[in-house]
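**Q** Converting from the sequence shown to the numbering used here requires adding 16 to each position, the first position being numbered 1.
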Amino acid sequence: MDLSQCRLCPRECGIDRLNGKTGFCGAGKDAVIGLYSLHKWEEPCISGSRGSGTVFLSNCTLKCVYCQNYSISRESVGRKVSASELCEIYLKLQEKGAHNINLVTPTHYALQIKESLILAKEKGLKIPVVYNTSGYERPEILSEFEGLIDVYMPDFKYWRSAYSEKYSMAPDYPERVKAAIKEMARQVVAAQFKDGIRTKGVIVRHLLLPGLLYDAKKIIDYLYKNYGNSIWISIMSQYTPLNIAEKYPELMKSVGRREYNALCEYAARLGVENAFIQEEGAVGESFIPEFFKD
Ligand code: SF4
Numbered sequence: 017m018d019l020s021q022c023r024l025c026p027r028e029c030g031i032d033r034l035n036g037k038t039g040f041c042g043a044g045k046d047a048v049i050g051l052y053s054l055h056k057w058e059e060p061c062i063s064g065s066r067g068s069g070t071v072f073l074s075n076c077t078l079k080c081v082y083c084q085n086y087s088i089s090r091e092s093v094g095r096k097v098s099a100s101e102l103c104e105i106y107l108k109l110q111e112k113g114a115h116n117i118n119l120v121t122p123t124h125y126a127l128q129i130k131e132s133l134i135l136a137k138e139k140g141l142k143i144p145v146v147y148n149t150s151g152y153e154r155p156e157i158l159s160e161f162e163g164l165i166d167v168y169m170p171d172f173k174y175w176r177s178a179y180s181e182k183y184s185m186a187p188d189y190p191e192r193v194k195a196a197i198k199e200m201a202r203q204v205v206a207a208q209f210k211d212g213i214r215t216k217g218v219i220v221r222h223l224l225l226p227g228l229l230y231d232a233k234k235i236i237d238y239l240y241k242n243y244g245n246s247i248w249i250s251i252m253s254q255y256t257p258l259n260i261a262e263k264y265p266e267l268m269k270s271v272g273r274r275e276y277n278a279l280c281e282y283a284a285r286l287g288v289e290n291a292f293i294q295e296e297g298a299v300g301e302s303f304i305p306e307f308f309k310d
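1) Is I62 near the ligand SF4, with its Cβ less than 7 Å from a heavy atom?
2) To the nearest angstrom, how far is it from the Cα of M252 to the Cα of L223?
3) Return the chain-ordered ranges of every beta strand (DSSP E) run that is complete within the region 126–184 and spans a minimum of 3 residues.
4) Near Q208, what residues of its chain come up, given a Cβ to Cβ distance below 6 Å and the 5 sequence neighbours on each side ignored?
5) Give the DSSP-derived three-state secondary structure of V288 in the structure shown.
6) How about T256: is its Cβ closer than 7 Å to a heavy atom in the ligand SF4?
7) Which class does Y52 belong to by DSSP, given the choice of helix, strand or coil?
8) Would you call the region 112–120 and the region 45–65 touching, i.e. three or more CB-CB distances under 8 Å?
9) Beta carbon of I28: closer than 7 Å to some heavy atom of the ligand SF4?
10) Cβ atoms of A196 and P170: under 8 Å apart, would you say?
11) Please work out which residues of its chain come closer than 7 Å, Cβ to Cβ, to S15, disregarding the five sequence neighbours upstream and downstream, and give them in chain order.
12) Among the candidates L258, N242, A278, whose CA atom is the shortest distance from the CA of L228?
13) Determine the contact status of S74 and V48, defining contact as a CB-CB distance below 8 Å.
14) Less than 8 Å between the CB atoms is what I'm expecting for P237 and Y174, so what's the real figure, rounded?
15) Along the chain, where does the beta strand (DSSP E) that runs through Q208 open and close?
16) In angstroms, rounded to a whole number, what distance separates the CA positions of G163 and A114?
17) Which residues does DSSP list as the beta-bridge partners of W248?
18) Quick check on DSSP: helix, strand or coil for R23?
19) So, is N245 buried or exposed, given that buried needs 16 or more other C-beta atoms within 10 angstroms?
20) Can you check which of these residues, Y189, V167, K45, N85, is closest to S177 by C-alpha distance?
21) Where does the unbroken beta strand (DSSP E) through N118 begin, and where does it stop?
22) Using beta-carbon positions only, say whether L78 and S184 come within less than 8 Å of one another.
23) From P265, E91, V145, pick the residue whose C-alpha is nearest to that of C103; which is it?
24) Is R274 close to the ligand SF4? I mean its beta-carbon at under 7 Å from any heavy atom of the ligand.
This is the structure in structure tokens:
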């Protein structure tokens, strides 16, 4: 991992982040965090009763047009932190009772995250570490985290590259996410729990987008065919339309309950046993956190 010729994600910009340059993701030399807190809106085995120790990293390697965390993913809102400051944040969250450390969108800070995790484990970090990612990853970089990450939580956003190009500017996303999940499963496929909290394994998230039920079914087919019930699937219904009507009118509506239920029933008929399903009403801007403004 080398920031002087950054190739941390599939974009492989090759730019020198150590000397003031930024690539597609907008990240520079220092890691930037938008927020850290005890977060209760993840899957139950991640949030538990006390909350997940969530660290939101700013900037992003994708440009999803419907992103709910736009201020940190596109506008770099947040605070610069060193690896040792990140380490202190993890320990503080552990002290507050967090069930785990949940790194949200860590890909473009892989180097700093690795350093901070090694430091934190030396200083007494005991709770599981969750790598919560868009899934747009290079397996070579993920392999650097073997033994440091306990739970991988990637999205699997798109089945067809026409949509990953249109909505996230990443035509290669479908192939990249498959390779990334393969590497994640190699590292931690066996699911383990302690007191109802996930301590090892892979949870793949899919957010159903309006009109893309066919693609969602193909993703579930793929995951079940390749991993059976060894990985968990989180089927999400919380798509929230943002103000993108001009260019993407087809995204200016919520996902209907009928469409969502059809997908859940499809997964069940296929034989998927380990899935998280969202209750009706888990939609809205109240789920978007307030990020640091400095
Ligand atoms: S992490 Fe950022 S700078 Fe590095 S290759 Fe990816 S998009 Fe480019």
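Heads up, the beta-carbon is just placed ideally off N, CA and C, and yes, glycines get one too.
**A** From the atom records:
1) no
2) 5 Å
3) 145–149, 167–170
4) T215, K216
5) coil
6) no
7) strand
8) yes
9) It is Glu, not Ile, that sits at residue 28 in the sequence shown. Flag set: Cβ of E28 near the ligand SF4.
10) yes
11) Residue 15 falls outside the range modelled here, since the chain spans only 17 to 310, and no answer is possible.
12) A278
13) yes
14) This sequence places Asp at residue 237; Pro is not what is there. The Cβ separation is near 14 Å, so there is no contact.
15) 208–210
16) 20 Å
17) I219
18) coil
19) exposed
20) Y189
21) 117–120
22) yes
23) V145
24) no
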